[in-house]
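So for the sequence shown, our numbering puts the first residue at 3; every next one is plus one.
Heads up, the beta-carbon is just placed ideally off N, CA and C, and yes, glycines get one too.
First up is the structure itself, then whatever we jot down about it.
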Amino acid sequence: MLAEMIVTGAKVLTMDPAQPRAEAVALAGGKIVAVGSVAEVFALRGPATRVIEAAGRTLLPGFIESHMHLFGGAELQHLQLTGLHGQDALRAAFTAYAKGRDGMLMAEGADYSLLPGGITRHDLDAIFTDRPIAIRAMDHHTVWANTKALELTGLLHGAEMPMGHEVVVGADGLATGELREFEAFDPILALAGVSRLYVAISKGAEPSPWPSEAERAVDKDHIARGLAHCARQGCTTLVSMDGNRYTLALLREMQDEGRLTQRVKVPFHMKPEFPLQELERASAMSEEFNDDWISSGFVKMFMDGVVDSRTAFMLHDYPGVPGHRSMPLFDPAYFDAVCTEIDRRGLQIAVHAIGDGAVRQTIDGYAAAAKANGLHDMRHRIEHIELIDRADVPRLAALGITASLQPAHPPGAMDFPIAAMETVFAPDRWKDAYLCRDLAEAGARVAFASDWPVADVSVLRGLQANLTRPAYVGGKPQGLDLMAALHAYTAGGAIAAHMETLTGTLRVGMAADLVLIDGDLEATPADQIGQRGIALTVAGGRIIHQAHGFA
């Protein structure tokens, strides 16, 4: 078979232990057909072969974004507040953003310390009283809304919510403006016109009634915007941690229209209030959508919230808040039963677990499933693991658990301020926070991701954050070395997603998924890697991103 495309002159890092390095790669029919020396690869050159001269750039398997959210495409159009602080700066940003826009104004990426003393509806009323506005925290687990938005959504006088979700009410009996977790702020998202893409993560449901063709077109445009954003960062496979059958149907329509540019996995969301029978929906989704580009095959659950709002479930009290440890969202016995049933169905499990209490209960659930069904290669995942008790570290490897980690999340590593550590972790526990190297050295599988749009999807910035992150007081450096980190973004991500026979390495027969990075990545100082650009992204042999000026 003659090659359709050859990439030569690159520093090729294959992530294949049998052949770690090469000089050139040839692609045809959406697959890799040769990896090796220039002579070996050019033997497949034909008159129509496109030859890309990499000029010393680094060629890798396409990045696997192991934990992201497709709804991020909708948020790209909202006001971005990352790094912004103070009432004057907030007012100026909203005022500028409001020009030429009607209806609800939604802002993203707020730091919990955006305003001294916290954010209330009164602070937002000082910006606009006559139109609804809302701000979402960077971690996506809290929204603050002004009085107008609360009135229009029926939340001003509070509302009953499932456990773990809260419309915070003040001493005057009215909502303060703070809405904690997805069920509480779902009405705000509906007011902003984006709720169809969030109904899975907030309620584990499908849109009802089924969206019209025009509504689906809007949502597909949101997804396409997100796909293009991720393609610019070299991502060729996306493991979405939100979604439902509607999401999969949108992706299938995009596939039929030729608009699907990356491989996407989408979960079924199991909520604590759901009976076990709801898992029939998970099995049905996995059977209906199961090709090389669109798949399901896993169930997502939340065990707790986040540290900043102190909704993460801890084994010990939060600093300065005696008696407060938060609560797990699942009853332990029921969670064990859910894990056992999911595992019995041959589906993978992914659980958001932030606090050490949540991490332990998640591991206990996986252990219960292994005891009931036998330990087999399901690669159940724990997402985030921001704090873990040392006694639980070796249990990940023993149970074959994947640690799905985000190098951008540790405070001080990238965009999250180091000051956040002081209020949520006791000083003697900092050494157990945001472990990565210790988990890997204990034998746990590691997959890296960004959690976009919670953090910047840039893999190169994530690599830099991993390599340069500070060692916390009492602990050792927790970043992986460059090659191990690249593995976690490529082959490791593929293994975590049960896709290692399809993508994640550059070897003959694998999918033609690759990313070409400007410059020699291995020769780049760690603190400059994030400044490197992505010259080319190829998925299934198709160029889905090409930097301006790169031939």
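Leaving aside the five residues before and after residue i along the sequence, list all residues of the same chain whose C-beta is less than 6 Å from its C-beta, in chain order.
{"i": "residue 359", "result": "315, 316, 317"}
{"i": "residue 202", "result": "244, 245, 246, 271"}
{"i": "residue 495", "result": "66, 68, 449"}
{"i": "residue 161", "result": "169"}
{"i": "residue 180", "result": "146, 170"}
{"i": "residue 491", "result": "65, 450, 461"}
{"i": "residue 423", "result": "413"}
{"i": "residue 426", "result": "309"}
{"i": "residue 396", "result": "444"}
{"i": "residue 465", "result": "487, 531"}
{"i": "residue 129", "result": "93, 96"}
{"i": "residue 406", "result": "68, 69, 383, 385, 449"}
{"i": "residue 304", "result": "331, 354"}
{"i": "residue 111", "result": "82, 83, 84, 140"}
Return the bridge partner residues of residue i from the DSSP annotation.
{"i": "residue 538", "result": "518, 548"}
{"i": "residue 184", "result": "Answer is none; residue 184 lacks a bridge partner."}
{"i": "residue 107", "result": "135"}
{"i": "residue 238", "result": "Paired residues: none, contrary to the question."}
{"i": "residue 8", "result": "28, 53"}
{"i": "residue 403", "result": "Answer is none; residue 403 lacks a bridge partner."}
{"i": "residue 248", "result": "In the DSSP output, where bridge partners are listed per residue, residue 248 has none listed."}
{"i": "residue 63", "result": "516"}
{"i": "residue 171", "result": "177"}
{"i": "residue 592", "result": "Nothing can be reported for residue 592, as the shown portion of the chain is limited to 3 through 553."}
Under 8 Å between the Cβ atoms of residue i and residue j?
{"i": "residue 429", "j": "residue 475", "result": "yes"}
{"i": "residue 177", "j": "residue 199", "result": "no"}
{"i": "residue 59", "j": "residue 520", "result": "yes"}
{"i": "residue 354", "j": "residue 385", "result": "yes"}
{"i": "residue 479", "j": "residue 447", "result": "no"}
{"i": "residue 3", "j": "residue 41", "result": "no"}
{"i": "residue 313", "j": "residue 182", "result": "yes"}
{"i": "residue 486", "j": "residue 507", "result": "no"}
{"i": "residue 157", "j": "residue 133", "result": "no"}
{"i": "residue 547", "j": "residue 233", "result": "yes"}
{"i": "residue 331", "j": "residue 274", "result": "yes"}
{"i": "residue 75", "j": "residue 296", "result": "no"}
{"i": "residue 20", "j": "residue 38", "result": "no"}
{"i": "residue 253", "j": "residue 262", "result": "yes"}
{"i": "residue 2", "j": "residue 211", "result": "The question about residue 2 has no answer, for the chain in this structure spans 3 to 553."}
{"i": "residue 62", "j": "residue 126", "result": "no"}
{"i": "residue 545", "j": "residue 235", "result": "no"}
What does the Cβ neighbour count give for residue i, buried or exposed, with the cut at 16 atoms within 10 Å?
{"i": "residue 124", "result": "exposed"}
{"i": "residue 349", "result": "buried"}
{"i": "residue 527", "result": "exposed"}
{"i": "residue 334", "result": "exposed"}
{"i": "residue 463", "result": "buried"}
{"i": "residue 288", "result": "buried"}
{"i": "residue 167", "result": "buried"}
{"i": "residue 13", "result": "buried"}
{"i": "residue 533", "result": "exposed"}
Using a Cβ-Cβ cutoff of less than 8 Å, which residues in the same chain neighbour residue i once the five nearest sequence positions on both sides are dropped?
{"i": "residue 131", "result": "148, 149, 150"}
{"i": "residue 553", "result": "54, 55"}
{"i": "residue 401", "result": "365, 368, 369, 372, 377, 382"}
{"i": "residue 434", "result": "358, 389, 390, 391, 392, 477"}
Which one of the options has the shortest CA to CA distance from residue i?
{"i": "residue 163", "options": "141, 187, 154", "result": "187"}
{"i": "residue 393", "options": "374, 3, 415, 366", "result": "366"}
{"i": "residue 453", "options": "71, 27, 31", "result": "71"}
{"i": "residue 456", "options": "7, 144, 401, 133", "result": "144"}
{"i": "residue 121", "options": "291, 98, 92, 345", "result": "92"}
{"i": "residue 382", "options": "112, 291, 399", "result": "399"}
{"i": "residue 141", "options": "463, 309, 376", "result": "309"}
{"i": "residue 79", "options": "94, 231, 37", "result": "231"}
{"i": "residue 351", "options": "268, 113, 437", "result": "268"}
{"i": "residue 227", "options": "205, 212, 256, 213", "result": "256"}
{"i": "residue 104", "options": "86, 195, 165, 54", "result": "195"}
{"i": "residue 49", "options": "208, 27, 61, 8", "result": "8"}
{"i": "residue 89", "options": "115, 73, 101, 102", "result": "115"}
{"i": "residue 411", "options": "390, 467, 425", "result": "467"}
{"i": "residue 207", "options": "13, 100, 184", "result": "184"}
{"i": "residue 471", "options": "281, 417, 82", "result": "417"}
{"i": "residue 311", "options": "510, 533, 326", "result": "326"}
{"i": "residue 484", "options": "498, 469, 477", "result": "469"}
{"i": "residue 408", "options": "421, 356, 379", "result": "356"}
{"i": "residue 337", "options": "538, 362, 500", "result": "362"}
{"i": "residue 404", "options": "320, 421, 301, 441", "result": "441"}
Given residue i, which residues of its chain have a CB within under 7 Å of its CB, disregarding the five upstream and five downstream residues?
{"i": "residue 514", "result": "29, 32, 33, 34, 540, 542, 543"}
{"i": "residue 190", "result": "136, 145, 147, 151, 155, 181"}
{"i": "residue 204", "result": "184, 185, 188"}
Using 7 Å as the cut-off, classify the Cβ of residue i as near or not near the heavy atoms of the ligand COA, replying yes or no.
{"i": "residue 401", "result": "Among the components modelled here there is no ligand, and therefore nothing to report on the ligand COA."}
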